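All remarks here apply to the structure that follows.
2 protein chains.
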Amino acid sequence: MEEKETKMLKFRGKEYPCCASLTMGIIGGKWKTVILYHLMKEKLRYNELRKSMPTVTERTLSLQLKALEEDGLIKRKVYTSKPPLKVEYSLTDFGKTLIPIIKSIAGWGDYVVENYSR
Amino acid sequence: MEEKETKMLKFRGKEYPCCASLTMGIIGGKWKTVILYHLMKEKLRYNELRKSMPTVTERTLSLQLKALEEDGLIKRKVYTSKPPLKVEYSLTDFGKTLIPIIKSIAGWGDYVVENYSR
DNA sequence: CCGTATCCTCCAGGATACTG
DNA sequence: CAGTATCCTGGAGGATACGG
């Protein structure tokens, strides 16, 4: 009679088995934390982001930005409607709640590079 | 003449464009942080881990444990050589340097569930 | 009990060309 | 400048059965 009923956590329609996997579902993937890391310091235009991330493709950057925007972590502001367009990306207030995490993630990366790089 | 030369970071033979992506390369993926999250509190046996992670498959859990062990984040200790085996997984000292990150990742997940769950 | 061995699916991310 | 539109590929992760 007893169902497994392993209390799944929900956010934006997706289910996660624990709080850690929920966070990783939102900021996981190859590029999301990198984008957030750059936007943490300052708002940036599309091309500025691209230059900060030399190995990402246009399509992938575009998709990741859209996903982050849909999850409410970043906002997209258009300044000119006539080409050349000017678009700036920045963290939302919700996105800013991630700053401590991004900082510790970046900090640990630096620590590893300094002490174990090879 | 000037090469792009975008100083890549290296760890265990892989290259990353920035410190944040290096960290995510090591603890990213669907299950690694979940495993570390459970091992952070206590060492656990294979089956205990499985029960903590009801939706992971045996094969995937096995592969992720092996990857974490290869990166030096967890250690595997075998207690009996005759079946039934007893194997315990725990964080290494290096793995323990991740505890602050895991805690903030888990904490943010909890925060989101409390304030935005739907 | 603690995994491996096979086989398979799916989609994140890449390459490239093109547009408002 | 800031993206879409197509097409494609590799590998993460899943399902299931079996082995020490």
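Chain order of the listed sequences is A and B.
Just so we're aligned, residue 1 is where the first sequence starts under full-length UniProt numbering, counting upward by one.
Just so we're aligned, residue 1 is where the second sequence starts under full-length UniProt numbering, counting upward by one.
Here a beta-carbon is modelled for each residue, glycine too, at the ideal position from N, C-alpha and C.
Please read all numbers here as calculations on a predicted model, not as lab measurements.
Check each candidate in the options and name the one with the smallest Cα separation from residue i.
i: aspartate 93 of chain A; options: A:Tyr116, A:Asn47, A:Arg45, A:Leu36; result: A:Leu36
i: isoleucine 27 of chain A; options: B:Arg45, B:Lys51, B:Ile105; result: B:Ile105
i: threonine 33 of chain B; options: B:Ile101, B:Asp110, B:Asn47; result: B:Ile101
i: glutamate 69 of chain B; options: B:Tyr89, B:Met40, B:Lys82, B:Thr60; result: B:Tyr89
i: glutamate 58 of chain A; options: A:Thr80, A:Trp31, A:Lys75, A:Lys41; result: A:Trp31
i: lysine 75 of chain B; options: B:Leu65, B:Pro83, B:Phe11; result: B:Leu65
In whole angstroms, give me the CA-to-CA distance for residue i and residue j.
i: glycine 107 of chain B; j: leucine 9 of chain A; result: 13 Å
i: lysine 96 of chain A; j: leucine 73 of chain A; result: 8 Å
i: methionine 24 of chain B; j: leucine 98 of chain B; result: 12 Å
i: tyrosine 16 of chain B; j: aspartate 71 of chain B; result: 15 Å
i: lysine 4 of chain B; j: aspartate 110 of chain B; result: Low local confidence applies: a pLDDT of 41 at lysine 4 of chain B is under 50, so the model's placement there is unreliable, and no value is given.
i: valine 113 of chain B; j: lysine 7 of chain A; result: 12 Å
i: lysine 43 of chain A; j: leucine 91 of chain A; result: 8 Å
i: lysine 14 of chain B; j: arginine 50 of chain B; result: 29 Å
i: tyrosine 116 of chain A; j: cysteine 18 of chain B; result: 15 Å
i: leucine 61 of chain A; j: serine 81 of chain B; result: 50 Å
i: asparagine 47 of chain B; j: methionine 40 of chain B; result: 16 Å
i: arginine 118 of chain B; j: alanine 67 of chain B; result: 33 Å
i: residue 119 of chain A; j: threonine 55 of chain B; result: Coverage of chain A is limited to positions 1 through 118, which leaves residue 119 of chain A absent and any answer about it impossible.
i: glycine 29 of chain B; j: leucine 63 of chain B; result: 12 Å
i: phenylalanine 11 of chain B; j: proline 83 of chain A; result: 42 Å
i: methionine 1 of chain A; j: lysine 103 of chain A; result: Caution applies to methionine 1 of chain A, whose pLDDT of 34 falls short of 50 and renders its modelled position unreliable; the value that the coordinates give is listed next. Between methionine 1 of chain A and lysine 103 of chain A, the C-alpha separation is close to 47 Å.
Based on DSSP bridge pairs, tell me the residues matched to residue i.
i: valine 87 of chain B; result: B:Val78
i: glutamate 15 of chain B; result: B:Lys10
i: asparagine 45 of chain B; result: According to the sequence provided, residue 45 of chain B is arginine. The question's asparagine does not apply to it. In the DSSP output, where bridge partners are listed per residue, arginine 45 of chain B has B:Glu88.
Round the Cβ separation of residue i and residue j to the nearest angstrom and send it over; I've been treating them as touching at under 8 Å.
i: arginine 45 of chain B; j: valine 87 of chain B; result: 6 Å
i: serine 52 of chain A; j: histidine 38 of chain A; result: 5 Å
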